Amino acid sequence: MIGSLLYLTATRLLLGLLTVKYLKFTPELGLWYSSGSSLSLRGFSDADHAGCRIDCKSTSGTCQLLGTSLVSWSSRKQASIAFSTTKAEYVAAATCCS
42 MIGSLLYLTA TRLLLGLLTV KYLKFTPELG LWYSSGSSLS LRGFSDADHA GCRIDCKSTS
102 GTCQLLGTSL VSWSSRKQAS IAFSTTKAEY VAAATCCS
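As numbered in this note's numbering, residues 42 to 139 make up the sequence shown, in order.
Rendered as structure tokens:
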């Protein structure tokens, strides 16, 4: 269910907020995964290098999947200035793991 809502919540913020509100106020329903599905938790990250032309800060993007369902994602400007692409990617990976 969460994976199928990715497009809608990315393009229509109100739908994402309403989905979270629904999950908050109906905890007895929970989230269900079939017994045959893999429940491995995987995280992915990516970053640009000095993408902001004003302050030269990089932008990190991360997502976490439980099995095949997206459970978390973020995109934000990094707090420090990365002097290389490697450092920008490393900061993004650290953000993904925290």
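C-beta atoms are modelled at their ideal positions from N, C-alpha and C, and glycine is treated no differently. Computed from a predicted structure; not experimentally measured.
Opposite ASP87 in the DSSP bridges: which residues?
GLY102
Please check the pair ALA88 and CYS97, which I expect to be a contact at CB under 8 angstroms, by giving their CB distance rounded to whole angstroms.
Between CYS97 and ALA88 the Cβ distance is about 13 angstroms, and since that is not below 8 angstroms, they are no contact.
SER155 burial status per 10 Å Cβ neighbour count (16 or more: buried):
Only positions 42 to 139 of the chain appear in the structure, and residue 155 is not among them; the question remains open.
Among residues of its own chain, excluding the 5 on either side of MET42, which ones have a beta-carbon nearer than 6 angstroms to its beta-carbon?
Residue placement at MET42 is flagged as unreliable, the pLDDT there being 46, under the threshold of 50; the coordinate-derived value follows with that caveat. So no residue of the chain qualifies.
Going by DSSP in three states, LEU82 sits in which element: helix, strand or coil?
strand
Tell me, to the nearest whole angstrom, how far the beta carbon of ARG124 is from that of THR103; I am working on the premise that it is less than 8 angstroms.
What sits at residue 124 in the sequence shown is Phe, not Arg. Not quite, the Cβ-Cβ distance comes to about 21 angstroms (not below 8 angstroms), so this is no contact.
Using a Cβ-Cβ cutoff of less than 7 angstroms, which residues in the same chain neighbour ILE122 once the five nearest sequence positions on both sides are dropped?
CYS97 and LYS98
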